[in-house]
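Residue numbers (this note's numbering): 590 to 1185. Note that CB positions come from ideal geometry on N, CA and C, so glycine has one too. So the structure is just underneath, and the comments pick up after that.
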């Protein structure tokens, strides 16, 4: 079985990433991009589906690990009866070819170690042809080739490459794994010791640019580093997570591919980047948004590929049993083809924030926005699949209508505040019409709460967004009632579920964990209502859910006491950054968005 989700740490080069378990096994790695086929897929199956482990060859007394301060360099320290050894894992900044590097360092005594490399291209499907090289091996299958460079003698054993070696105090034993297209020239082998120093210097220089100085600086900086690691450097797009099919319920079927870029949380992401002072990253993300959204407004998608690719066909990989038996394993995501009204509001809101925050002017952005508004003037009346990508029938979701209101509101403000050309009178009229309709049809007086969709008596965590986008003040009695209803109906051990999956609204079997981003939203609402002590207590509990190196998954299962869902989840860390800022002082993102 793979390790627990919370037992993994992330390394990456801002184009792809790997997950490293506490036992020294890299169980997930896609080359050369986040969304490429995995060469190590043990995360979703067994070691025979691909992994790379370096660990003591004798029982360990303890394992301690940490990131080097301000970096994405992971150090795992293993203590055995004979001594202590560290394995340092990192990925250098990308040059011509991607690399994973590992440096074994003797700290005390003499420790025997074993290395086991099982390469299985195409998500554990393809066993490569392995050849010896002067300093390691070359493994080839079709278009993919991996080179392992190390001074340690290697040998084959049952379709895997293994090595046994001993490390004494002061010894440093390097390993470098490099991917290359099979038909390209053989890439130059880099020196791991030099690359370690260079990688540490790069990350520390980046971290030193962080301008956030609030009470949670260390927590925020670690989340910002995670966001940077999940940014596809060539385009500026930020993926939701580097994994696919980690289940929202262990043993369940809610297993989705998150290695793509969602429009939905664009505004929150921009706030998070700007809270840290990372305007270049915000600018790159804004450019990615505009380029991806360009085209026919009716075909605006909720998610895109790393470079704005539109077709993300969903497939099932039947040969993988899934994480702890959670099948099916999926690659691609069929939700890309859904109609979700809220993304139009997210796009308009994000570009409005970019404009008023002083990012470089983009005439192309306003051209895209005007085209979107022309479509939305009538499309807002139609039902959709909603924020949670339900696979049931379309409905008039309250949150979706609110985000259509956001689109109209930000369009009006673009004309009135920035003097951009547009039909502000029509947008102002539609803004008022949508607001009135939502308050009339999306609010249940008997429940004293807004509801998931028109005619429903269920609540939904997305309703926590209403104050966060400026639709109503958090202190409005209707929002106070809505927060109370969500706490009563969707709270599990104080954490918030997205919606009642047992209602059948999503067309899937019931059951999932509490959604961490929604729990951060609840903390934001409590703070805006003046319940700062409750908000801070919830935030501190959310911080306590992070693993030992500060990472969060998409969800948390309070019953099992485990992180669940894809990992690490970018927007859980976005929520952490923004809520920390909201709790620090007035003028945080939650308050700011009430006065856009």
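Which residues bound the beta strand (DSSP E) around residue i?
i            : result
residue 616  : 614-619
residue 598  : 597-601
residue 1060 : Per DSSP, residue 1060 belongs to no beta strand (DSSP E) and is neither H nor E.
residue 608  : 606-610
residue 908  : Careful: residue 908 lies outside any beta strand (DSSP E) and carries neither H nor E.
residue 650  : 649-656
residue 629  : 627-629
With C-beta atoms as the reference, is residue i less than 8 Å away from residue j?
i            : j            : result
residue 861  : residue 816  : yes
residue 689  : residue 615  : yes
residue 655  : residue 675  : no
residue 962  : residue 993  : no
residue 871  : residue 965  : no
residue 555  : residue 942  : Because the chain spans 590 through 1185 in this model, residue 555 falls outside it and cannot be assessed.
residue 1127 : residue 1083 : yes
residue 834  : residue 918  : yes
residue 1104 : residue 1121 : no
residue 619  : residue 631  : no
residue 728  : residue 708  : yes
residue 892  : residue 922  : yes
residue 748  : residue 852  : no
residue 821  : residue 814  : no
residue 805  : residue 865  : no
residue 661  : residue 600  : yes
residue 989  : residue 927  : no
residue 663  : residue 679  : yes
residue 924  : residue 971  : no
residue 732  : residue 770  : yes
residue 1079 : residue 1050 : yes
residue 1109 : residue 1131 : yes
residue 682  : residue 768  : no
residue 605  : residue 592  : no
residue 694  : residue 677  : yes
residue 819  : residue 1153 : no
residue 758  : residue 825  : no
residue 669  : residue 645  : yes
residue 1020 : residue 1054 : no
Return the first residue and the last residue of the alpha helix (DSSP H) that residue i is part of.
i            : result
residue 860  : 855-864
residue 667  : Element bounds for residue 667: not the alpha helix (DSSP H) but the beta strand (DSSP E), 663-669.
residue 872  : 868-882
residue 795  : 781-796
residue 1076 : 1066-1079
residue 1178 : 1178-1181
residue 1122 : 1121-1133
residue 962  : 952-968
Would you list the residues sitting across from residue i in a DSSP beta bridge?
i            : result
residue 1042 : 986
residue 1103 : 1145
residue 892  : 851
residue 641  : 615 and 706
residue 827  : 820
residue 690  : 679 and 765
residue 673  : 668 and 697
residue 1032 : 1039
residue 920  : 904
residue 933  : Paired residue(s): none; residue 933 is not in a bridge.
residue 1084 : 1081
residue 973  : 984
residue 833  : 846
residue 1108 : Looking at the DSSP assignment, residue 1108 forms no beta bridge with any residue, so it has no partner.
residue 684  : According to DSSP, residue 684 bridges with nothing at all.
residue 925  : Beta-bridge pairing links residue 925 to no other residue.
residue 1049 : 1088
residue 812  : DSSP, once it has assigned bridges, lists no residue as partnering residue 812.
Please confirm whether any heavy atom of the ligand HEM lies closer than 7 Å to the CB of residue i.
i           : result
residue 824 : Questions concerning the ligand HEM fall outside what the structure shown contains, since it holds no ligand whatsoever.
**Request:** Run through the stretch 696-770 for me and flag every whole beta strand (DSSP E) of 3 or more residues, listed as ranges in chain order.
**Result:** 718-722, 725-730, 733-738, 750-757 and 761-770
**Prompt:** What are the uninterrupted segments assigned as beta strand (DSSP E) that are 3 or more residues long and contained completely in the stretch 1141-1171, given in chain order?
**Reply:** 1144-1146 and 1151-1153
**the stretch 1059-1072 / the stretch 1022-1037 touching (three or more Cβ pairs under 8 Å)** = yes
**Message:** Contact between the stretch 747-766 and the stretch 797-807 is defined here as three or more beta-carbon pairs at a separation below 8 Å; is this criterion met?
**Reply:** no
**Prompt:** Counting Cβ pairs, one atom from each stretch, are 3 or more of them under 8 Å apart for the stretch 1036-1044 and the stretch 1007-1020?
**Reply:** no
**Item:** the stretch 982-991 in contact with the stretch 908-915 per 3-pair CB rule at 8 Å
**Value:** no
**Message:** Three or more C-beta pairs under 8 Å: does that hold for the stretch 785-794 against the stretch 736-756?
**Reply:** no
**Asked** Given 8 Å as the limit, is there contact between the stretch 1160-1179 and the stretch 1106-1113, that is, 3 or more CB pairs closer than that?
**Response** yes
**Message:** Closer than 8 Å is the cut-off here; do at least three beta carbon pairs connect the stretch 867-884 with the stretch 1133-1152?
**Reply:** no
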